[in-house]
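In full-length UniProt numbering, the protein residues as written are 1 to 598.
Virtual Cβ for every residue (Gly too), placed ideally from N, Cα, C.
One structure is given below, encoded as structure tokens.
So, in structure tokens, the structure goes:
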């Protein structure tokens with residue numbers, strides 16, 4: 001029988017194909033992986049596994065496998081098509097365009113069959129789609145961030161670049177950046193074991209310590225990267241920049257900024273330089289990276305393996321952070337940070353008994369928690385951008401897992417400096433609480449749109465959102481801009497759910513608490529104290545964050561918040577409102593309060 005002539009690899013491939021047809025992509029992926037172990041030079045096996053990864057939304061793994069397929073067989077049109085699709089989905093549009101062109105070029109030019117003509121038509125259509133997307137990305141409106149975008153060159157590596165764009169910094173007056181203001185307020189951050197000189201203990205509860213500490217790491221990264229030299233196309237320089245940059249953003253991602261227009265190109269070269277120096281595997285699949293790390297450590301020891309896995313994880317994570325903050329492409333950011341977090345957790349568990357000096361500080365509990373925090377924040381943005389693709393239920397689980405990690409694992413030693421302790425204790429906890437609040441707020445909006453008669457459930461979600469946001473605000477220092485945000489006047493003028501925008505996602509926990517308490521029908525007895533907290537925190541936050549991009553976006557709303565509170569207190573004094581007044585009805589677009597108990 002024909003089946004008896006199949007090799008073991010062919011048999012596994014056939015089983016994988018059958019599972020793929022049934023849409024059991026995870027099982028099919030496993031079959032193809034087993035076949036690759038037997039026949040590692042088969043382009044079709046890699047292309048098929050790439051297709052599985054794509055359906056599993058592991059686009060970076062799909063890219064790695066499809067690239068392997070085209071390396072084995074450069075004439076394999078379907079391999080190039082798989083690579084092009086995966087590159088587009090992972091934010092590498094420039095590479096995707098080139099791959100689509102190669103896919104088209106690999107098809108027969110003479111006497112093509114009907115199927116091949118259809119393939120060509122499909123590939124050309126996909127090529128036009130990606131070209132249009134890249135055009136929109138490079139010449140469209142700039143994202144809301146610390147930087148603006150100008151048309152630029154393509155990316156240099158899937159883990160090293162920022163999706164083929166160059167950036168120029170928004171001008172901030174000298175000495176007015178949050179980190180500069182923080183240093184001016186507290187002095188240079190003290191080393192571990194040393195208490196802050198001239199400060200009482202209660203004054204250490206300030207966001208200044210967090211952003212100043214992050215800036216120390218960022219500044220070190222810039223110092224290392226500025227040692228870079230390019231001579232006759234060859235790049236030389238120091239190691240350590242990628243480690244310093246990633247340490248900085250794990251402490252506080254808001255420290256990420258571009259001091260000049262050369263930064264992105266220099267950063268891309270630095271990643272390639274350090275990857276080459278350490279032997280990092282940036283373009284391999286997740287499983288290949290794990291296998292290589294184990295083999296390298298077993299055969300060559302920690303000195304040979306530590307640097308490679310360290311730079312691999314950090315470079316992948318940084319790509320995600322850059323996508324999240326500079327381009328607002330949260331769906332791409334999630335892919336990279338998720339992949340880095342998977343590798344980090346794997347190494348943390350695999351080498352849990354190894355000394356941190358051997359395996360590297362990257363596998364410490366604090367770094368794992370910091371990266372998980374970045375992932376939760378990126379996933380929240382992705383939920384807002386595409387709620388059909390990114391599920392609120394997963395977001396809540398991630399937030400609650402982060403909260404559990406904060407509550408059950410002592411990730412920071414008592415001798416760590418003040419800013420470091422805050423970065424990996426109260427700040428991840430604040431993120432977990434606020435994201436849980438976001439979940440309940442969005443569930444309320446979703447129910448309001450889909451099942452408006454479920455009044456009790458809607459109000460319960462709004463109330464729980466308010467509780468979580470208030471807890472988040474109480475967790476962080478009151479001078480952090482995250483505790484603020486414009487007290488959106490829309491809640492006083494409309495009962496409809498507000499559309500999500502980059503501004504509405506700006507993290508302002510006191511504002512969000514007020515908003516959700518108001519929407520659930522809470523009275524002024526609950527709302528006014530929160531508004532008072534916001535008013536009193538504003539001057540302190542402005543001293544540090546007044547020139548930040550997000551603060552500038554929110555600043556007009558701060559004045560509105562103060563005005564609304566003042567008007568409410570005036571009406572209470574006049575007797576037209578009481579502390580038991582709550583939102584009851586809308587009239588001519590203005591919310592009217594009715595004096596009644598909640």
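Item to complete: Can you give me the start and stop residues for the alpha helix (DSSP H) that residue 236 sits inside?
Response: On the chain shown, position 236 is the one that residue 236 refers to. Secondary structure note for residue 236: it is in no alpha helix (DSSP H), and the uninterrupted beta strand (DSSP E) holding it is 234-236.
Practice prompt. For residue 552, count neighbouring Cβ atoms within 10 angstroms of its own Cβ and tell me buried if that reaches 16, exposed if not.
Written response: As a working mapping, residue 552 is identified with position 552 in the chain shown. The residue in question, residue 552, is exposed, as its Cβ has fewer than 16 Cβ neighbours within 10 Å.
Fill in: Distance between residue 414 and residue 37 (C-alpha atoms, nearest Å)
Looking up residue 37 in the chain shown gives position 37. Looking up residue 414 in the chain shown gives position 414. Each residue's CA atom was taken as its position, placing residue 37 and residue 414 some 47 Å apart.
Fill in: Exposed unless 16 or more other CB atoms sit within 10 angstroms - verdict on residue 372
For the purposes of this step, residue 372 is taken as residue 372 along the chain shown, with counting starting at 1. Note on residue 372: 16 or more other CB atoms within 10 angstroms of its CB, so buried under the neighbour-count rule.
Discussion item. Please return the same chain residues whose Cβ sits closer than 7 Å to the Cβ of residue 514, not counting the five positions on each side in sequence.
Written reply: Looking up residue 514 in the chain shown gives position 514. Spatial neighbours of residue 514 in its own chain (CB-CB distance under 7 Å, excluding positions within 5 residues in sequence) are listed in chain order as 487, 527, 530 and 531.
Discussion item. I'd like to confirm the pairing. Which residues does DSSP put opposite residue 231 in its beta bridges?
Written reply: Here the question's residue 231 lines up with position 231 in the chain shown. Answer is 234, bridged to residue 231.
Discussion item. Tell me the rounded alpha-carbon separation between residue 458 and residue 445.
Written reply: Numbered from its first residue, the chain shown carries residue 458 at position 458. Numbered from its first residue, the chain shown carries residue 445 at position 445. So the two alpha carbons sit approximately 8 Å from each other.
Discussion item. Mapping the DSSP letters down to three states, classify residue 425 as helix, strand or coil.
Written reply: Position 425 of the chain shown holds residue 425. In the three-state DSSP reduction, residue 425 falls in the coil class, being neither helix nor strand.
Practice prompt. Kindly indicate which three-state DSSP category residue 436 falls into: helix, strand or coil?
Written response: Counting from one through the chain shown, the residue named residue 436 turns up at place 436. Look at residue 436 here: in three-state DSSP terms it is helix.
Worksheet item: What's the C-alpha gap between residue 316 and residue 255?
Response: Position 316 of the chain shown holds residue 316. Position 255 of the chain shown holds residue 255. Their backbone Cα atoms lie some 18 Å apart in a straight line.
Item to complete: Can you tell me which of the three DSSP states residue 90 falls into?
Response: Residue numbering aside, residue 90 sits at position 90 when the chain shown is read from its first letter. Coil, per DSSP.
Worksheet entry | C-alpha gap between residue 450 and residue 334, whole angstroms | Taking the chain shown and counting its residues from 1, the one referred to as residue 450 is at position 450. Taking the chain shown and counting its residues from 1, the one referred to as residue 334 is at position 334. Approximately 28 Å, taken between the alpha carbons.
Discussion item. Counting C-beta neighbours from all protein chains within 10 Å, is the total for residue 566 16 or more, i.e. buried, or is it exposed?
Written reply: Walking along the chain shown from the start, residue 566 turns up at place 566. Looking at its Cβ environment, which holds fewer than 16 other Cβ atoms inside 10 Å, residue 566 is exposed.
Worksheet item: Could you give the residue range of the alpha helix (DSSP H) that holds residue 390?
Response: Residue 390 sits at position 390 when you count from the first residue of the chain shown. No alpha helix (DSSP H) holds residue 390; DSSP gives it neither H nor E.
Worksheet item: In the structure shown, what three-state DSSP assignment does residue 52 receive?
Response: On the chain shown, position 52 is the one that residue 52 refers to. DSSP, read as helix, strand or coil, puts residue 52 in helix.
Discussion item. Using only the alpha-carbon positions, how far apart do residue 323 and residue 80 sit?
Written reply: In the chain shown, counting from the first residue as 1, residue 323 sits at position 323. In the chain shown, counting from the first residue as 1, residue 80 sits at position 80. For residue 323 and residue 80, the distance between alpha carbons rounds to 25 Å.
Fill in: Assigned secondary structure, residue 547 (DSSP; H/G/I helix, E/B strand, else coil)
Stepping through the chain shown from its first residue, residue 547 is reached at position 547. Note: residue 547 maps to coil in three-state DSSP.
Fill in: Chain-order list of residues whose beta-carbon lies under 6 Å from that of residue 122 (same chain, five-residue window excluded)
Walking along the chain shown from the start, residue 122 turns up at place 122. When the five nearest sequence neighbours on each side are left out, no beta carbon in the same chain lies closer than 6 Å to the beta carbon of residue 122.
Practice prompt. Take residue 127 and list the residues in its own chain whose beta-carbon comes closer than 6 Å to its own, dropping the five residues that flank it on each side.
Written response: To locate residue 127, count along the chain shown from 1; it is residue 127. The residues are 100.
Discussion item. Please classify residue 298 as buried or exposed, where buried requires at least 16 neighbouring CB atoms within 10 angstroms.
Written reply: Residue numbering aside, residue 298 sits at position 298 when the chain shown is read from its first letter. Counting Cβ neighbours within 10 Å, residue 298 comes out exposed, since fewer than 16 surround it.
Discussion item. Can you tell me whether residue 573 is buried or exposed? The criterion is at least 16 other CB atoms within 10 Å of its CB, across all chains shown.
Written reply: The residue given as residue 573 occupies position 573 in the chain shown. By the neighbour-count criterion, in which 16 or more other beta carbons inside 10 Å mark a residue as buried, residue 573 falls on the exposed side.
Fill in: Backbone CA spacing between residue 389 and residue 347 [nearest angstrom]
Here residue 389 is taken as the residue at index 389 of the chain shown, counted from 1. Here residue 347 is taken as the residue at index 347 of the chain shown, counted from 1. Looking at the two C-alpha atoms, the distance is approximately 29 Å.
Discussion item. Quick check: the Cα distance between residue 398 and residue 409, rounded to an integer number of angstroms?
Written reply: As a working mapping, residue 398 is identified with position 398 in the chain shown. As a working mapping, residue 409 is identified with position 409 in the chain shown. If you draw a straight line from the Cα of residue 398 to the Cα of residue 409, it comes to about 16 Å.
Worksheet entry | Element boundaries [alpha helix (DSSP H), containing residue 414] | For the purposes of this step, residue 414 is taken as the residue at position 414 of the chain shown. Element bounds for residue 414: n/a, residue is neither H nor E.
Fill in: Distance between beta carbons of residue 43 and residue 54, contact taken as under 8 Å
Position 54 of the chain shown, counting from 1, holds the residue named residue 54. Position 43 of the chain shown, counting from 1, holds the residue named residue 43. Rounded, the Cβ-Cβ distance is 16 Å, inconsistent with contact.
Discussion item. Quick check on this structure: which residue in 253, 20 and 362 has the alpha carbon closest to the alpha carbon of residue 306?
Written reply: Looking up residue 306 in the chain shown gives position 306. For the residues 253, 20 and 362, the minimum Cα distance to residue 306 belongs to 362.
Discussion item. Do residue 544 and residue 207 have their beta-carbon atoms positioned less than 8 Å apart in this structure?
Written reply: Here residue 207 refers to the residue found at position 207 of the chain shown. Here residue 544 refers to the residue found at position 544 of the chain shown. Between residue 207 and residue 544, the CB-CB gap stays under 8 Å.
Worksheet item: How is the alpha helix (DSSP H) around residue 455 delimited, first residue to last?
Response: Mapped onto the chain shown, residue 455 falls at position 455. Run containing residue 455: 455-475, per the alpha helix (DSSP H) assignment.
Item to complete: For residue 20, name the three-state secondary structure that DSSP assigns.
Response: Locating residue 20 in the chain shown gives position 20, counting from the first residue. Helix.
Discussion item. Please return the same chain residues whose Cβ sits closer than 6 Å to the Cβ of residue 332, not counting the five positions on each side in sequence.
Written reply: Sequence index remark: in the chain shown, residue 332 carries index 332 (1-based). These residues qualify, in order along the chain: 91 and 323.
Worksheet item: Mapping DSSP to helix, strand and coil, what is residue 556?
Response: Within the chain shown, numbered from 1, the residue matching residue 556 stands at position 556. Helix at residue 556.
Worksheet entry | Same chain only: Cβ atoms within 7 Å of residue 86, ignoring 5 sequence neighbours per side | Counting from one through the chain shown, the residue named residue 86 turns up at place 86. Take residue 86, set aside five residues on each side of it, and the residues of its chain with a beta-carbon closer than 7 Å to its own are 50, 54, 59, 62, 63 and 66, in chain order.
Practice prompt. List the whole-angstrom C-beta distance separating residue 274 from residue 281, where the pair is believed to meet the contact cut-off of C-beta under 8 Å.
Written response: Taking the chain shown and counting its residues from 1, one reaches residue 274 at position 274. Taking the chain shown and counting its residues from 1, one reaches residue 281 at position 281. That belief does not hold up - the Cβ atoms of residue 274 and residue 281 are roughly 13 Å apart, past 8 Å.
Practice prompt. Return yes when the Cβ of residue 385 is within less than 8 Å of the Cβ of residue 337, no when it is not.
Written response: Locating residue 337 in the chain shown gives position 337, counting from the first residue. Locating residue 385 in the chain shown gives position 385, counting from the first residue. In this structure, residue 385 does not lie closer than 8 Å to residue 337 by Cβ.
Discussion item. At the level of alpha carbons, what is the spacing between residue 26 and residue 430?
Written reply: Position 26 of the chain shown, counting from 1, holds the residue named residue 26. Position 430 of the chain shown, counting from 1, holds the residue named residue 430. Here the alpha carbon of residue 26 sits roughly 35 Å from the alpha carbon of residue 430.
Worksheet item: Going by beta carbon distance, what residues of the same chain come within less than 7 Å of residue 108, once the five residues before and after it are set aside?
Response: Translated into the one-based positions of the chain shown, residue 108 becomes position 108. Around residue 108, the same chain offers 116 as residues with beta carbons nearer than 7 Å, after the five sequence neighbours per side are excluded.
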